[in-house]
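Each protein sequence line maps, in turn, to chains A and B. Under UniProt numbering, the first sequence has 111 at position 111, and the numbering climbs by one with no breaks. Under UniProt numbering, the second sequence has 178 at position 178, and the numbering climbs by one with no breaks. Contents: one structure, followed by commentary.
Number of protein chains: 2
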Amino acid sequence: MATRTRRPDRRQEPLSRERIVSAAVELLDTVGESGLTFRALAERLATGPGAIYWHVTGKAELLGAATEAVVTTAIAGDDADATPQEAIRALARGVFDAIDAHPWVGTHLAHAPGQSPMLRVFERVGRQVQALRVPEAAQFTAASALLSYILGVAGQNAANGRTVRPGTDRTEFLDAVAAQWAELDPDQYPFTRSVAGQLPEHDDRAEFLAGIDLILSGITARQ
Amino acid sequence: MATRTRRPDRRQEPLSRERIVSAAVELLDTVGESGLTFRALAERLATGPGAIYWHVTGKAELLGAATEAVVTTAIAGDDADATPQEAIRALARGVFDAIDAHPWVGTHLAHAPGQSPMLRVFERVGRQVQALRVPEAAQFTAASALLSYILGVAGQNAANGRTVRPGTDRTEFLDAVAAQWAELDPDQYPFTRSVAGQLPEHDDRAEFLAGIDLILSGITARQ
DNA sequence: ACCTGAACACCGTTCAAGT
DNA sequence: ACCTGAACACCGTTCAAGT
Chain A
1 MATRTRRPDR RQEPLSRERI VSAAVELLDT VGESGLTFRA LAERLATGPG AIYWHVTGKA
61 ELLGAATEAV VTTAIAGDDA DATPQEAIRA LARGVFDAID AHPWVGTHLA HAPGQSPMLR
121 VFERVGRQVQ ALRVPEAAQF TAASALLSYI LGVAGQNAAN GRTVRPGTDR TEFLDAVAAQ
181 WAELDPDQYP FTRSVAGQLP EHDDRAEFLA GIDLILSGIT ARQ
Chain B
1 MATRTRRPDR RQEPLSRERI VSAAVELLDT VGESGLTFRA LAERLATGPG AIYWHVTGKA
61 ELLGAATEAV VTTAIAGDDA DATPQEAIRA LARGVFDAID AHPWVGTHLA HAPGQSPMLR
121 VFERVGRQVQ ALRVPEAAQF TAASALLSYI LGVAGQNAAN GRTVRPGTDR TEFLDAVAAQ
181 WAELDPDQYP FTRSVAGQLP EHDDRAEFLA GIDLILSGIT ARQ
């Protein structure tokens with residue numbers, strides 16, 4: 001009972017790194033990357049822009065922290081009962097869905113190399129590569145290839161999300177691209193034109209996972 | 001003879017899209033992405049910032065044109081006498097080397113989806129996928145996987161290039177990352193720690209091409 | 001048609017001053 | 001210790017005015 005009255009008035013809460021980062025994620029989700037401004041963030045937190053700098057060193061750290069917050073929850077989950085292939089697929093799917101929900105993540109995932117969110121994905125992928133009994137000398141290459149592929153799709157999806165005007169839905173977007181491809185010069189773009197017809201009924205997510213499977217069979221074909 | 005006197009005084013040449021784009025590439029290469037400013041560009045072209053807008057619609061187009069200029073020359077070359085595998089490898093190597101020389105390219109390659117430089121790479125890769133006699137229904141997936149992988153490595157390399165202070169050389173950088181990985185929590189990062197030792201003698205370029213080969217064997221293993 | 005450069009509407013970041 | 005908000009040093013972009 002009385003649950004309604006327990007909802008805290010966030011404006012009164014003291015500022016904290018946590019509140020700042022979650023407000024940043026909200027801003028990025030609702031108004032996009034260009035909308036994440038220290039002034040806009042400050043207004044939302046009912047304070048001045050300078051206050052944010054007490055908890056965060058600057059915009060780069062803020063973006064990094066926002067990315068990490070999203071990715072960390074996206075890949076949480078354990079893969080104890082799954083085959084290595086299934087575990088890798090689940091992990092990849094987690095990253096894909098996170099970027100689908102928060103397109104800006106795709107752009108910043110690779111931005112801090114050797115740093116937090118990417119390294120976590122690398123570690124998780126690498127363990128499953130070991131579980132696949134890939135020879136030690138080939139493990140690094142296999143894990144890197146999977147990670148690079150995931151990051152590549154992430155970046156493309158983020159770019160797509162940025163180009164399209166916010167209202168557009170998936171099929172509408174694919175139809176537009178297909179139409180554009182169909183108009184390309186037949187001499188210069190024969191292949192692209194030949195696959196344009198497949199676009200409208202194509203499923204980003206399934207295609208992404210098919211790519212993962214392709215790489216997985218390349219990894220296991222070697223043994 | 002007299003070649004020296006024929007060198008044109010570029011300051012007197014009229015402004016053109018071509019001159020603007022090549023000045024932008026120079027600026028990006030020498031002072032990095034944060035150095036590409038309409039004011040800096042204008043100064044280099046001995047004009048005012050407003051003049052640039054007569055030839056280019058804005059910064060996004062400028063960055064796109066600069067990226068396209070670099071990529072187009074990087075992947076020029078014909079693959080008539082090569083096997084499909086060799087042709088794909090050569091193409092990938094071209095993109096890799098271009099990004100190695102111009103790290104900023106990696107960030108902007110994916111930024112205009114379905115647009116010029118990426119589409120050109122997609123087309124070239126796709127034709128070789130056809131030459132590999134991949135069934136029609138699987139061609140799109142195969143070409144997309146290769147492209148995504150290339151873009152992923154591109155993005156990571158660009159990120160690395162941005163993080164490192166300009167002077168640092170390859171081995172110095174790898175040693176630093178290896179040292180960092182070796183200090184990770186053994187419970188959280190067992191895999192990453194286990195491959196840290198391979199980093200110092202690892203060759204980015206060879207590793208990248210090994211990933212291409214991995215995907216290629218995944219593609220051909222299916223037939 | 002093309003160029004000039006001042007001006008506009010923003011940014012991220014700093015910092016003296018407050019509590 | 002933490003917050004405030006004015007101020008600084010920039011941006012990209014526009015546009016009246018020139019040639």
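Note that beta-carbon positions come from the ideal geometry of N, C-alpha and C, so glycine has one too.
Contact check, residue 21 of chain A vs residue 66 of chain A, beta carbons under 8 Å
Contact: yes.
Is the Cβ-Cβ distance between residue 215 of chain B and residue 145 of chain B less than 8 Å?
A distance below 8 Å separates the beta carbons of residue 215 of chain B and residue 145 of chain B.
First and last residue of the alpha helix (DSSP H) that includes residue 126 of chain A?
Residue 126 of chain A -> alpha helix (DSSP H) spans 116-131.
Answer with yes or no whether the minimum CB distance from residue 55 of chain A to chain B is below 8 Å.
Residue 55 of chain A does not count as touching chain B.
From what residue to what residue does the alpha helix (DSSP H) around residue 181 of chain B run?
Note, residue 181 of chain B: alpha helix (DSSP H), 170-182.
Collapsed DSSP secondary structure at residue 222 of chain B in the structure displayed
Residue state for residue 222 of chain B is assigned as coil, using DSSP reduced to three classes.
Where do the N-terminal and C-terminal ends of the alpha helix (DSSP H) with residue 22 of chain B fall, by residue?
Taken as a continuous stretch (DSSP letters only), the alpha helix (DSSP H) holding residue 22 of chain B covers 17-31.
How would you list, in chain order, the residues of chain A whose beta-carbon sits under 9 Å from the beta-carbon of residue 127 of chain B?
Those are 190, 191, listed as they occur along chain A.
Interface residues of the segment 199-220 of chain A facing chain B [CB-CB below 9 Å]:
Hits within the stretch, in order: 199, 202, 207, 208, 210, 211, 212, 213, 214, 215, 216, 217, 218, 219, 220.
Counting only beta-carbon separations shorter than 8 Å, does residue 134 of chain B have a partner in chain A?
Not a single C-beta of chain A is nearer than 8 Å to the C-beta of residue 134 of chain B.
Tell me the DSSP secondary structure of residue 75 of chain A in three-state form.
Correct three-state label for residue 75 of chain A: coil.
Just reading off the alpha helix (DSSP H) that residue 194 of chain A is part of, what are its end residues?
Run containing residue 194 of chain A: 190-196, per the alpha helix (DSSP H) assignment.
With 9 Å as the limit, tell me which residues of the UniProt domain "HTH tetR-type" (14-74) of chain A have their beta carbon closer than that to any beta carbon of chain B; keep them in chain order.
Listed in sequence order: no entries.
Using the beta-carbon count (16 or more within 10 Å), is residue 201 of chain A buried or exposed?
With fewer than 16 other CB atoms across the displayed protein chains lying within 10 angstroms of its CB, residue 201 of chain A is exposed.
For the UniProt DNA-binding region "H-T-H motif" (37-56) of chain A, list the beta strand (DSSP E) runs that are entirely contained and at least 3 residues long, ordered along the chain.
Runs of the beta strand (DSSP E) inside the UniProt DNA-binding region "H-T-H motif" (37-56) of chain A: none found.
Applying the criterion that 16 or more other CB atoms from any shown protein chain within 10 Å of the CB defines a buried residue, is residue 54 of chain B buried or exposed?
Under this definition residue 54 of chain B is an exposed residue.
Between which two residues does the alpha helix (DSSP H) containing residue 100 of chain B stretch?
Bounds of the alpha helix (DSSP H) holding residue 100 of chain B are 84-101.
Answer yes or no: does any C-beta atom of chain B fall closer than 8 Å to that of residue 93 of chain A?
It does not: the Cβ of residue 93 of chain A has no partner Cβ on chain B nearer than 8 Å.
I need the straight-line Cα distance from residue 206 of chain B to residue 221 of chain B, nearest angstrom please.
Cα atoms of residue 206 of chain B and residue 221 of chain B: separation of roughly 22 Å, rounded to the nearest angstrom.
By how many angstroms is the C-alpha of residue 199 of chain B removed from the C-alpha of residue 172 of chain B?
Spanning the two alpha carbons is a distance of roughly 11 Å.
Give a yes or no on contact between the segment 151-171 of chain A and the segment 94-111 of chain A, applying the rule of three or more CB pairs nearer than 8 Å.
Contact between the segment 151-171 of chain A and the segment 94-111 of chain A is present, because at least three Cβ pairs lie under 8 Å.
DSSP-derived helix/strand/coil call for residue 110 of chain A
Residue state, collapsed to three classes: coil.
Quick check on DSSP: helix, strand or coil for residue 199 of chain B?
It is coil, neither helix nor strand.
For the structure I just gave you, are there three or more beta carbon pairs, one from the segment 175-184 of chain B and one from the segment 117-130 of chain B, closer than 8 Å?
In this structure the segment 175-184 of chain B does not touch the segment 117-130 of chain B; the number of beta carbon pairs closer than 8 Å is below three.
Check the Cβ-Cβ distances between residue 195 of chain A and every residue of chain B, and say whether any is below 8 Å.
With 8 Å as the cut-off, residue 195 of chain A counts as an interface residue toward chain B.
Check residue 58 of chain A in the structure and name its three-state DSSP category.
If DSSP states are grouped into helix, strand and coil, residue 58 of chain A belongs with coil.
Check whether the Cβ atoms of residue 95 of chain A and residue 154 of chain A lie closer than 8 Å to each other.
Yes, the pair counts as a contact, with Cβ atoms nearer than the cut-off.
Kindly list the residues whose CB is nearer than 8 Å to the CB of residue 51 of chain A, restricted to its own chain and excluding five residues on each side of it in sequence; keep chain order.
Same-chain partners within the cutoff: 15, 42, 45.
Between which two residues does the alpha helix (DSSP H) containing residue 153 of chain B stretch?
136-163 is the extent of the alpha helix (DSSP H) around residue 153 of chain B.
Please go through the same chain and pick out, in chain order, the residues whose beta-carbon is closer than 7 Å to the beta-carbon of residue 24 of chain A, but skip the five residues on each side of it.
Contacts found: 36, 41, 62, 66.
Suppose you measure from the CA of residue 152 of chain A to the CA of residue 49 of chain A; what does that come to, to the nearest Å?
Here the C-alpha atom of residue 152 of chain A lies approximately 34 Å from the C-alpha atom of residue 49 of chain A.
Spatial neighbours of residue 38 of chain B within its chain, please: C-beta separation below 7 Å, excluding the five flanking residues on both sides.
Excluding sequence neighbours, residue 38 of chain B sits near 49, 52.
Any idea if residue 18 of chain A is buried or exposed, counting beta-carbon neighbours within 10 angstroms, 16 or more meaning buried?
Counting the other CB atoms within 10 Å of its CB gives residue 18 of chain A a total below 16, which places it among the exposed residues.
Using a cut-off of 8 Å between C-beta atoms, extract the partners of residue 141 of chain A located in chain B.
Going along chain B in sequence order, the residues near residue 141 of chain A (Cβ under 8 Å) are 207, 210, 211, 214.
For residue 139 of chain A, count neighbouring C-beta atoms within 10 Å of its own C-beta (all shown protein chains included) and say buried if the count is 16 or more, exposed if not.
Counting other Cβ atoms within 10 Å of its Cβ, residue 139 of chain A reaches 16 or more and is therefore classed as buried.
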